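Residue numbers (this note's numbering): 14 to 186. C-beta atoms are modelled at their ideal positions from N, C-alpha and C, and glycine is treated no differently. Remember, predicted model here, so these are calculated numbers, not experimental data.
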Amino acid sequence: MIDRSINVFFKLLEVLLVLLLAGMTVMVFANVVLRYVFSSGLDVSEELSRFFFVWLIFIGGVVAMRNHAHMGFDLLVSASRPAARRVLLFIANGLIVFVCWLLLDGAWQQSGVTATDRSPVTGLSMIFVFGIVIPSAIGIGIIAIHRMIGAVRGTYDPYAVPQTTEELVERAL
Numbered sequence: 014m015i016d017r018s019i020n021v022f023f024k025l026l027e028v029l030l031v032l033l034l035a036g037m038t039v040m041v042f043a044n045v046v047l048r049y050v051f052s053s054g055l056d057v058s059e060e061l062s063r064f065f066f067v068w069l070i071f072i073g074g075v076v077a078m079r080n081h082a083h084m085g086f087d088l089l090v091s092a093s094r095p096a097a098r099r100v101l102l103f104i105a106n107g108l109i110v111f112v113c114w115l116l117l118d119g120a121w122q123q124s125g126v127t128a129t130d131r132s133p134v135t136g137l138s139m140i141f142v143f144g145i146v147i148p149s150a151i152g153i154g155i156i157a158i159h160r161m162i163g164a165v166r167g168t169y170d171p172y173a174v175p176q177t178t179e180e181l182v183e184r185a186l
């Protein structure tokens with residue numbers, strides 16, 4: 014039940030990513046057409062497309078973390094014995110949790126500043142734009158903590174996850 018809820022949540026995040034990317038594409042394309050054909054443009058499209066891009070990056074980071082889609086250097090880990098591999102995975106995910114804490118702390122401190130700032134064109138509070146860092150850091154941190162627990166228990170095996178593009182495509186089909 015919990016796994017199904019988590020899967021639904023991440024599918025919704027993926028749909029949101031598609032909508033953000035589509036929104037960016039439509040706004041930029043419309044602005045280009047308006048500028049070159051009609052010598053006018055939508056001021057809001059440039060600003061909103063940048064905001065969408067920020068959200069796309071941070072939400073995509075959480076989804077990529079869950080799907081093991083981030084680039085990684087695993088020469089040392091893959092050459093290690095299973096016990097040493099678990100220790101290395103624990104350390105690596107511990108470093109990820111630390112960086113997430115730094116991101117969360119910095120974003121929280123900045124939220125006081127950005128909450129009162131307004132974007133020049135739309136007038137949106139900048140916390141709307143940069144506030145996405147907080148749930149993103151929490152999401153990635155939770156995934157890393159879950160992997161650390163799995164490394165200690167011996168249940169987290171990233172090598173059961175596809176490592177090449179061909180394997181990813183094969184699993185998707």
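Beta-carbon contacts of residue i that lie in its chain and below 8 Å, excluding the five residues immediately before and after
i: Ile151; result: Cys113 and Leu117
i: Ile147; result: Leu117, Ala120, Trp121 and Ser124
i: Leu69; result: Leu30, Leu33, Leu34 and Met37
Residue(s) in a DSSP beta bridge with residue i
i: Arg63; result: Answer is none; Arg63 lacks a bridge partner.
i: Arg131; result: Ser138
Pair within 7 Å by beta-carbon distance, residue i and residue j
i: Ala128; j: Ile145; result: no
i: Ser132; j: Glu60; result: yes
i: Val76; j: Val134; result: no
i: Val142; j: Val45; result: no
i: Phe22; j: Arg79; result: no
Residues near residue i in its chain [Cβ-Cβ closer than 6 Å; skip 5 each side]
i: Ser91; result: none
i: Gly163; result: Tyr169
i: Arg160; result: Asn106 and Tyr169
i: Leu102; result: Ala164
i: Leu55; result: Asn44
Exposure label - residue i; buried when at least 16 CB within 10 Å
i: Ser149; result: buried
i: Ser62; result: buried
i: Phe71; result: buried
i: Met40; result: buried
i: Gly85; result: exposed
i: Gly136; result: exposed
i: Ala157; result: buried
i: Ile109; result: buried
i: Ile15; result: exposed
i: Ile104; result: exposed
i: Ile153; result: buried
Same chain, Cβ closer than 7 Å to residue i, neighbours up to 5 away in sequence not counted
i: Gln36; result: The question names Gln, but residue 36 is Gly in the sequence shown. Phe65, listed in sequence order.
i: Gly167; result: Arg99
i: Leu25; result: none
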